[in-house]
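Note that the working numbering has the sequence shown beginning at 107, numbered continuously upward.
The beta-carbon is built from N, C-alpha and C at its ideal position, and this holds for glycine as well.
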Amino acid sequence: MRLRNIPGSREYIAQNDYVIHDPEQMKGKWHEVFGNNNPIHIEIGMGKGQFITSLAMQNPNINYIGIEKYSSVLLRAIEKREEYEGDNLYFLRFDAENITDIFAPSEVDRIYLNFSDPWPKDRHSKRRLTSSEFLARYDQFLTKDGYVAFKTDNRDLFDFSLEQVTLSGWQLRDVTFDLHHSEYVEGNIMTEYEERFSSMGNPIHRLVASREK
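(1) Can you check which of these residues, E300, R317, I295, is closest to I158 by C-alpha distance?
(2) Going by beta-carbon coordinates alone, are G151 and E174 separated by less than 9 Å?
(3) Is the separation between the beta-carbon of K257 and that of L285 shorter than 9 Å?
(4) Restricting to Cα atoms, I'd like to know which of V214, V254, F264, F247 is closest to D223.
(5) Check the C-beta distance from F140 over to N165 and give it rounded, since I have them as a contact under 8 Å.
(6) Take Y118 and list the residues in its own chain whose beta-carbon comes closer than 7 Å to its own, dropping the five residues that flank it on each side.
(7) Hey, I146 and I171 are a contact pair by Cβ (cut 8 Å); roughly how many whole angstroms apart?
(8) Per DSSP, which one or two residues make a beta bridge with S316?
(9) Report yes or no: do the segment 266 to 282 and the segment 236 to 246 share at least 3 C-beta pairs separated by less than 8 Å?
(10) Should the segment 240 to 247 be called in touch with the segment 193 to 212, which here means at least 3 C-beta pairs below 8 Å?
(11) Give the DSSP bridge partners of F221, in chain order.
(12) Leaving aside the five residues before and after M132 along the sequence, list all residues of the same chain whose C-beta is less than 7 Å from its C-beta, in chain order.
(13) Is R182 helix, strand or coil by DSSP?
(14) My understanding is that F197 touches R187, with C-beta atoms under 8 Å, so please give their C-beta distance in whole angstroms.
(15) Within a Cβ cutoff of 7 Å, which residues of the same chain sit near K232, ignoring the five residues on either side of it in sequence?
(16) For my contact list, W276 and S316 are in at a C-beta cut-off of 8 Å; report their separation, rounded to the angstrom.
(17) Rounded to the nearest angstrom, how far is the Cβ of D215 from that of G252, given a contact under 8 Å?
(18) By DSSP, does H127 sit in helix, in strand, or in coil?
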């Protein structure tokens, strides 16, 4: 269950230097935020930030942006961030539905989607972060050779995602229905949800989607 109501979380976030507070003004200027021209990777729905903070620590020559719409979850990510002294990681409190408002064409090299909300009701399918609607959004700001990497333990959502990638004209690769027992497990960084679900014996599904033929 997501944490949504920690008192004072919004006020704390509003004053934190690791959070970009007016991301619309940074569209096309994210390299200025980081002060370099290194590749930019983003995680949409980063939760408590374990995954993206670990990536930032391991890859100081890549810039990372973690996006989360719930203040009380973002607060937990900030707490992890404060233990990291690097300058290649920033956070946004932002709704991904409007993500094209904050990134310019070819500004992002990679998108990570980890254990996204499955929105199980059919009428909410357009809200799923791997829907054709969201893939069309990503297409507007990913670099030509950029890609989306998606992990989930929800088989229905994964099957939906496989279908949507194909219907959208994107290319599938590195597909596995059991990541932790596959050739793609090397270098895998687990999220908090991944640790919990895999400890319960749930297989983790993963795909990579790109527009390269």
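Considering the structure as presented:
(1) Taking the first residue of the sequence shown as position 1, residue 158 is located at position 52. The shortest C-alpha separation from I158 is found at I295.
(2) Along the sequence shown, one-based indexing puts residue 151 at 45. Along the sequence shown, one-based indexing puts residue 174 at 68. Yes; because the gap between Cβ atoms is below 9 Å, this pair is in contact.
(3) As a working mapping, residue 257 is identified with position 151 in the sequence shown. As a working mapping, residue 285 is identified with position 179 in the sequence shown. Contact flag set, yes.
(4) Position 117 of the sequence shown, counted from the start, is the residue given in the question as residue 223. The residue with the shortest Cα to Cα distance from D223 is F264.
(5) If you number the sequence shown from 1, residue 140 lands on position 34. If you number the sequence shown from 1, residue 165 lands on position 59. That belief does not hold up - the Cβ atoms of F140 and N165 are roughly 13 Å apart, past 8 Å.
(6) Residue numbering aside, residue 118 sits at position 12 when the sequence shown is read from its first letter. Cβ-Cβ distances below 7 Å link Y118 to L181 in the same chain, with the five nearest sequence neighbours on each side left out; the list follows chain order.
(7) Residue mapping note: residue 146 aligns to position 40 of the sequence shown, counting from 1. Residue mapping note: residue 171 aligns to position 65 of the sequence shown, counting from 1. The beta carbons of I146 and I171 sit about 7 Å from each other, so the pair counts as a contact at 8 Å.
(8) Here residue 316 refers to the residue found at position 210 of the sequence shown. S316 is bridged by DSSP to Y253, Q277.
(9) Inter-segment contact for the segment 266 to 282 and the segment 236 to 246 is present: three or more beta-carbon pairs are separated by less than 8 Å.
(10) Yes: the two stretches touch, three or more of their Cβ pairs being nearer than 8 Å.
(11) As a working note, residue 221 is residue 115 in the sequence shown. In the DSSP assignment, F221 forms no beta bridge with any residue.
(12) Reading the sequence shown from its first residue, position 26 is the one you call residue 132. Non-local C-beta neighbours of M132 in its own chain, meaning closer than 7 Å and more than five positions away in sequence, comprise I126, V139, I208, ordered along the chain.
(13) Counted from its first residue, the sequence shown places residue 182 at position 76. In the three-state reduction of the DSSP assignment, R182 falls in the helix class.
(14) Taking the sequence shown and counting its residues from 1, the one referred to as residue 197 is at position 91. Taking the sequence shown and counting its residues from 1, the one referred to as residue 187 is at position 81. 7 Å between Cβ atoms; contact.
(15) As a working mapping, residue 232 is identified with position 126 in the sequence shown. Around K232: E239.
(16) Along the sequence shown, one-based indexing puts residue 276 at 170. Along the sequence shown, one-based indexing puts residue 316 at 210. Taking 8 Å as the upper bound for CB-CB distance, W276 and S316 are in contact here, some 6 Å apart.
(17) The sequence position of residue 215 within the sequence shown is 109, counting from 1. The sequence position of residue 252 within the sequence shown is 146, counting from 1. Rounded, the Cβ-Cβ distance is 5 Å, consistent with contact.
(18) Position 21 of the sequence shown, counted from the first residue, corresponds to residue 127. DSSP places H127 outside both helix and strand once states are collapsed to three, so it counts as coil.
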